[in-house]
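In terms of the working numbering, the sequence shown opens at residue 19 and continues consecutively. Where a beta carbon is used, it is the ideal one built from N, C-alpha and C, also for glycine. Taking it in order: structure first as structure tokens, then the write-up.
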Amino acid sequence: MSSIDRQQRGIRIAIDRGGTFTDCVGTLNGEDIVIKLLSEDPANYDDAPLEGIRRIMSHFQKRDIPRGEALDTSKIDSIRMGTTVATNALLERKGEKIALVVTKGFRDCLTIGNQSRPKIFDLAIKKPDVLYEEVVEIDERVTLEDYAEDPERSVTKAETKAGTPEAAKADLVMGMSGEAVRVLQRPTEGTIKDQLQSIYDKGIRSIAVCLMHGYTFPDHEALVGNLAREVGFEHISLSHELMPMIKLVSRATSVCADAYLTPAIKKYISGFQKGFAGGLGTRSVLKEEGDKGARCEFMQSDGGLVDVEKFTGLKAILSGPAGGVVGYAITSYDGETKIPVIGFDMGGTSTDVSRYGEGRYEHVFETTTAGVTIQSPQLDINTVAAGGGSRLFFKNGLFVVGPESVGAHPGPACYRKGGPAAVTDANLFLGRLLPEFFPKIFGKNEDEGLDYEASKKVIEELAEQINRETGKNLSLDEVAYGFLTIANEAMTRPIRSITEAKGHDSSKHRLATFGGAGGQHAVAIAAALGVKQILVHRYSSVLSAYGMALADVVDERQEPESKVWHDEGEVVDELKVKMEKLKDRSRQTLRDQGFQDEEIVFEEYLNMRYRGTESALMIVKPSEVEAKASFDGDDWAFGRAFVKHHRYEFGFTLDERDIIIDDVRVRGIGKSFRYQDKTVDQQLKEVKRQSIGAQKAYGKSQVYFEGGRRETPIYKLVDLAVGDEISGPAVLADGTQTIVVTPNAKALILQTHVIIDLTSEDGKDEPEKKESSEREVDPIMLSIFGHRFMAIAEQMGRALQKTSVSTNVKERLDFSCAIFDAAGGLVANAPHLPVHLGSMSTCVRTQAKIWDGKLKKGDVIISNHPSYGGTHLPDITLLMPAFDEKGERILFYAASRAHHADIGGITAGSMPPNSRELFQEGAAIKSEKIVSEGKFNEERITELLYKEPAQYPGCSGTRCLADNINDLRAQVSANQKGISLIENLIAEYGEETVQFYMVNIQNNAEQCVRSLLKDVYKRFEGKDLSAVDYMDEGTPIRLRVTIDPEKGEATFDFEGTGPQVYGNVNAPEAITYSAIIYCLRCLISEDIPLNQGCLKPIHVKIPPKSLLSPSAGAAVVGGNVMTSQRITDVIFRAFEACAASQGDCNNLTFGFGG
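Okay, here's the thing in structure tokens:
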């Protein structure tokens, strides 16, 4: 490859083994060969990568090497590979039998897991299975001497360091994080050995060791590891070696994943190595006797290569997709112009999106794959279940794409196996995919091309259903194009979350598209995001493999820390020493792999957060240029860099809070090959453009674009020369990719890329806006707005979770974010917490009436009172209006509700088990303005939360005012995020259009509920539904549901429910509405918009002064967590939907003060 430069002694091979295809790129003396083959083809070969290497070597050696002959490694310079072996083993649960070794008392920590609720409306939830088969509990315990919530901020010093021989006898030692650790119980070696022997005798050969506080005190884990080796275990994963980070659950799942997957990877590598006459890896290269070995490196999830002998399961999860990110980052980013790039990798079953900017990869340190949370550096790749094989449906009046996939078998309808309609069928039918450029591998004899007629048939069936159910008369083209539009909207959602949600403007990026289906959708995706330029690399269909060839070898080192940041002094000096030690270890590892010191560079990071918050940010050491521009030349200005980054990503800073350092991290990079091609920007400066017409066209075809079919020239990419400029509409194709250039775009051929520029003013390929008088509901636009409204609520939720201080929000996820219409009707509620679903709209409607005509832009209202739509007092709601351009009319509200750790009352935590009156439960706020035109009124908040509750007998004000204020600021920030995104939506589509579809998305949900009620009426043969259940002390909750079958309406009558009690299990009316909307959504069991429309066909009767409609001063703190569950049970019982749950939530409260 001309673009790769280093002394070459043989063939260089890069391979990406994907789920369906294996891509291979070979190069020798500047000549390239690209090979694409099926990943599974047992009739012809056992291993696809080995077969790919055989074909590459046969090509360069000019002889057909027979299958089974050992391949000569002396002819190979290097093999670089990404593989899905680990991912597949995890998805299919086909890893090694393992045992988890954990501190005594924590055997069930992974079964319990965390608070994540991926499917809150599923009535038959199936939790992912744990990876281990046995658990060994070690009788050991250490604890941290100091604690984060200590108001005195005392720091204990210890002389003895963890990991030294002296630590085996000391009771107080200094942990790796710099925190004092007290040893409460030392493990007994004999007992541990017996325990390990017993599971060894059961046939288990791989163990995962994760002890409490093992990240900072590794001594006991190391002891278990040594004893396990003596017993004879073949693989031992220790959490402090893999990822020494705090958080027991994610550290334990990570170490289990490593123990579960690494043996599977080693087994695969062992079989792979047997195909060579010579060794693979650094050690074999360094050997001088025998056959000369070849370098062999595997791509890790963090975008770096590692020697074959050091490749482990934990770092292999994203091995394949990581190559694509490296490929587009190196080939599409220009260090001079610094234009950031969005990566768009669209495959058969899913689409991966990522971002590369500022000249370095973006990493995340906690991700969930196949139900397993992994704590390890991984490239920030977001995956959405929308690809060429995603199925097409019309459900509940909406166009739906995926998440179900047709897979490779039967595949889309056009694959000639009788499959259902998929995205590929829509592209083929519209002329955006050309059968003559697709391999002829279909049909009985696998020698036929794509079947256009089969695609047409399934699109006809969908069109018939859509027109029948909507009364429209959409053409086949409009239906197929509608599905593509919805697929595109689904794929832009994760892109918005890696750009807009992190403070980046997506329109300031380029879009680099790769993967088999990317070229057909790239222009539409770019237009939706406001991106003006698309880059398609000449190797775009095998860019993941190409990326392997360009990647660097990486060695990651990390250690925990606990210091408070100071800009100068001993803290910085100590951190520098720690950083240098990590760099020395990393440098030695890279030297051992054959790198010279001048080929090794480092990225230095501190993982930093404000005290009390969860949103740690990995801050890279400022470059020399950045330090001069922003930090007075100080390249160790980590503190100021953190504050700058926090403001950029979250929109505010917490200047009065300490900055805590959680981890010190070094990324050592061995620069292997230099990329020598000119950058895109250099080529654009030098290229001589020549517009070409149809003279170079291979043919013409009728291709559908917005508004109708157009005669479109088809060009073969091989026929086009550098500088050729093609105006849309056009289709560019070769044997591996098809690029659709829309009428508003131009394509330019460069040496390395096809560049597509969107030439229209706004880049939109959409119809002209119609006046509201002639407007009808477009089911396609309705589906789009369903996506967009929900995406706004989701982004608000992410912002709140990241910036809050309270454990209730950041770990328990006890919060909700939503957007509402001008009257307070729910438009979209991200499904965060069921009990907030219907109750928030009661609150917003009440506040909208109170403040009608009195609010200005930037105002924020606070409320938590049960009589005003609250649930219980710790749940504080903030709402903020979105105005029209003139600032005169309110168009929407953005609101967030979060459970605060304390708001005063008679007990710490504000969840008293024995409250009798509302005032005993803390601050009760009916309606107050806490932000006026952007100015936060901290003084009034202090009065509301701290001073006023303390005036009642036996009560205190809030015991953590600073945390309350920070969480309220986080809620304000989340609301501002929502308002900003709503304003963007209005700017994009116009106020009338947004308002029109806001109303109709509610109407759509209403129709879904009406249909459900009609079906229920038939199922119960017209009988009323009734149920009763009782609170523990005997108070009944009685319900009768009467359905009107003509209208599809129902009356939920709670007559006969017991009176309010002189206790705290009274439930405000809003809770009953939440329970009803939650149960109805569960019963519909399909993904419908969740909004006010769900309640329009429902009439609710609740007797006043009953348990479900208490008086204004009644205690209610238990009603939100206990009675809400019992109401839900009663509704499900009435509908005969499922058995009752345990009937209440579990509550654990802790805190300071009385």
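task: Just list the alpha helix (DSSP H) runs in the segment 671-716, keeping only unbroken ones of 4 residues or longer that don't cross its boundaries, in chain order.
output: Qualifying alpha helix (DSSP H) stretches, in chain order: 698-704.
message: Is it buried or exposed, Tyr351, if we count other Cβ atoms within 10 angstroms and call 16 or more buried?
response: Position 333 of the sequence shown, counted from the first residue, corresponds to residue 351. Its Cβ being crowded by 16 or more others within 10 Å, Tyr351 is buried.
query: Is there contact here, the segment 566-573 with the segment 249-260, by at least three beta-carbon pairs under 8 Å?
result: no
message: Using the three-state DSSP reduction, which class does Phe1014 fall into: helix, strand or coil?
response: Position 996 of the sequence shown holds residue 1014. Reduced to three states, the DSSP call for Phe1014 is helix.
query: How many Å lie between Asp783 and Lys462 at the Cα?
result: The residue given as residue 783 occupies position 765 in the sequence shown. The residue given as residue 462 occupies position 444 in the sequence shown. Caution is warranted here: a pLDDT of 41 is assigned to Asp783, below 50, making its placement in the model unreliable, and no coordinate value can be reported.
- request: Look at Met858 and Ile879 and say whether their C-beta atoms are less than 9 Å apart.
  value: Here residue 858 is taken as the residue at index 840 of the sequence shown, counted from 1. Here residue 879 is taken as the residue at index 861 of the sequence shown, counted from 1. The answer is no: Cβ separation not under 9 Å.
field: Where Asn62 sits in the DSSP three-state scheme
entry: Translated into the one-based positions of the sequence shown, residue 62 becomes position 44. If DSSP states are grouped into helix, strand and coil, Asn62 belongs with coil.
field: Minimum C-alpha distance to Leu653 - residue among Ile959, Gly688, Val590, Gly1137
entry: Locating residue 653 in the sequence shown gives position 635, where the first residue counts as 1. One detail in the question is off: residue 653 reads as Asp in this sequence, not Leu. Checking every option, the nearest Cα to that of Asp653 belongs to Val590.
task: Helix, strand or coil for Pro578, going by three-state DSSP, please let me know.
output: On the sequence shown, position 560 is the one that residue 578 refers to. Pro578 falls in the strand class under three-state DSSP.
message: By the three-class DSSP mapping on this structure, what secondary structure does Tyr374 have?
response: Residue numbering aside, residue 374 sits at position 356 when the sequence shown is read from its first letter. Reduced to three states, the DSSP call for Tyr374 is strand.
query: What is the DSSP secondary structure of Glu422, reduced to helix, strand or coil?
result: Here residue 422 refers to the residue found at position 404 when the sequence shown is read from its first residue. Three-state result, Glu422: strand.
task: Just list the beta strand (DSSP E) runs in the segment 196-283, keeping only unbroken ones of 3 residues or longer that don't cross its boundaries, in chain order.
output: 198-203, 224-228, 253-256
task: Less than 8 Å between the CB atoms is what I'm expecting for Val758 and Gln538, so what's the real figure, rounded?
output: The residue labelled residue 758 in the question sits at position 740 within the sequence shown. The residue labelled residue 538 in the question sits at position 520 within the sequence shown. Contact between Val758 and Gln538 holds: their C-beta atoms lie close to 5 Å from each other, under 8 Å.
field: Endpoints, the alpha helix (DSSP H) within which Cys42 is located
entry: Walking along the sequence shown from the start, residue 42 turns up at place 24. Unbroken run through Cys42 is the beta strand (DSSP E), 39-46; no alpha helix (DSSP H).
- prompt: Given Gln720, which residues of its chain have a CB within under 8 Å of its CB, disregarding the five upstream and five downstream residues?
  reply: Numbered from its first residue, the sequence shown carries residue 720 at position 702. Closer than 8 Å at Cβ, skipping near neighbours: Gly449, Arg727, Arg728, Glu729, Thr730.
task: Return the CA-CA distance between Ser1103 and Ser745, expressed in angstroms with no decimal places.
output: As a first step, residue 1103 is located in the sequence shown; it is residue number 1085 there, counting from the start. As a first step, residue 745 is located in the sequence shown; it is residue number 727 there, counting from the start. If I take the Cα positions, the gap works out to 47 Å.
- prompt: What residue does the beta strand (DSSP E) around Gly361 start on, and which one ends it?
  reply: The residue you call residue 361 lines up with position 343 of the sequence shown. Segment 359-364, the beta strand (DSSP E) holding Gly361.
message: Between Glu177, Lys187, Ala176, Arg111, which has its C-alpha nearest Tyr150's C-alpha?
response: Counted from its first residue, the sequence shown places residue 150 at position 132. The shortest C-alpha separation from Tyr150 is found at Arg111.
field: Sub-9 Å separation of Ile1061 and Val1034 beta-carbons
entry: Residue 1061 sits at position 1043 when you count from the first residue of the sequence shown. Residue 1034 sits at position 1016 when you count from the first residue of the sequence shown. Taking 9 Å as the Cβ cut-off, Ile1061 and Val1034 qualify as a contacting pair.
- prompt: Excluding five sequence neighbours on each side, which residues of the same chain lie with their C-beta closer than 7 Å to the C-beta of Lys734?
  reply: Taking the sequence shown and counting its residues from 1, one reaches residue 734 at position 716. For Lys734, where only same-chain residues beyond five positions count, the Cβ hits under 7 Å are Tyr716, Ala751, Asp752.
task: Would you check if the distance between the CB atom of Lys601 and the CB atom of Gly686 is smaller than 9 Å?
output: In the sequence shown, residue 601 corresponds to position 583, counting from 1. In the sequence shown, residue 686 corresponds to position 668, counting from 1. Result yes, Cβ atoms of Lys601 and Gly686 sit closer than 9 Å.
- prompt: Fully enclosed by the segment 941-983, which beta strand (DSSP E) runs are 3 residues long or longer?
  reply: 946-950
- prompt: Just to check, is the beta-carbon of Thr206 closer than 8 Å to a non-hydrogen atom of the ligand MG?
  reply: By its list of ligands, the structure shown contains no ligand whatsoever, and the ligand MG lies outside what it can speak to.
- prompt: Who does Phe723 pair with in a DSSP beta bridge?
  reply: For the purposes of this step, residue 723 is identified with residue 705 of the sequence shown, where counting begins at 1. Paired residue(s): Gly726.
field: Whole-angstrom C-beta distance between Arg934 and Ala1133, which should lie under 8 Å
entry: Numbered from its first residue, the sequence shown carries residue 1133 at position 1115. Numbered from its first residue, the sequence shown carries residue 934 at position 916. Between Arg934 and Ala1133 the Cβ distance is about 6 Å, and since that is below 8 Å, they are a contact.
message: At 3 residues or longer, what runs of the beta strand (DSSP E) sit wholly inside the segment 850-926?
response: 878-881, 893-901, 908-917
- request: Using the Cα positions of Lys333 and Ile1149, report the straight-line distance between them to the nearest angstrom.
  value: In the sequence shown, residue 333 corresponds to position 315, counting from 1. In the sequence shown, residue 1149 corresponds to position 1131, counting from 1. Their backbone Cα atoms lie some 46 Å apart in a straight line.
query: Around the C-beta of Glu114, are 16 or more other C-beta atoms found within 10 angstroms, so that it is buried, or is it exposed?
result: Here residue 114 corresponds to residue number 96 of the sequence shown, with the count starting at 1. Buried.
- request: Kindly give me the distance between the Cβ atoms of Ala1068 and Ile1000, rounded to whole angstroms, as I take these residues to be in contact under 8 Å.
  value: Within the sequence shown, the letter at position 1050 stands for residue 1068. Within the sequence shown, the letter at position 982 stands for residue 1000. That belief does not hold up - the Cβ atoms of Ala1068 and Ile1000 are roughly 32 Å apart, past 8 Å.
task: Measure the Cβ-Cβ separation of Val1135 and Leu891 and say whether it is below 9 Å.
output: As a position in the sequence shown, residue 1135 is number 1117, starting the count at 1. As a position in the sequence shown, residue 891 is number 873, starting the count at 1. Yes.
- request: Please state if the CB of Phe670 and the CB of Ser991 are separated by a distance shorter than 9 Å.
  value: Position 973 of the sequence shown holds residue 991. Position 652 of the sequence shown holds residue 670. Cβ distance < 9 Å, so Ser991 and Phe670 count as in contact.
Alpha helix (DSSP H) segment containing Ile484, residue limits: Position 466 of the sequence shown, counted from the first residue, corresponds to residue 484. Note, Ile484: alpha helix (DSSP H), 470-488.
- request: Give a yes or no on whether the C-beta atoms belonging to Gly322 and Glu574 are separated by under 9 Å.
  value: Position 304 of the sequence shown holds residue 322. Position 556 of the sequence shown holds residue 574. Cβ distance < 9 Å, so Gly322 and Glu574 count as in contact.
- prompt: Buried or exposed: where does Ala841 fall if 16 or more other Cβ atoms within 10 Å of its Cβ makes it buried?
  reply: For the purposes of this step, residue 841 is identified with residue 823 of the sequence shown, where counting begins at 1. Answer is exposed; the Cβ neighbour count stays below 16.
query: Are the beta-carbon atoms of Ala916 and Gln994 separated by less than 9 Å?
result: The residue given as residue 916 occupies position 898 in the sequence shown. The residue given as residue 994 occupies position 976 in the sequence shown. No.
message: Please state whether the Cβ-Cβ distance between Leu1125 and Thr1053 is less than 9 Å.
response: Along the sequence shown, read from residue 1 onward, the residue named residue 1125 stands at position 1107. Along the sequence shown, read from residue 1 onward, the residue named residue 1053 stands at position 1035. Taking 9 Å as the Cβ cut-off, Leu1125 and Thr1053 qualify as a contacting pair.
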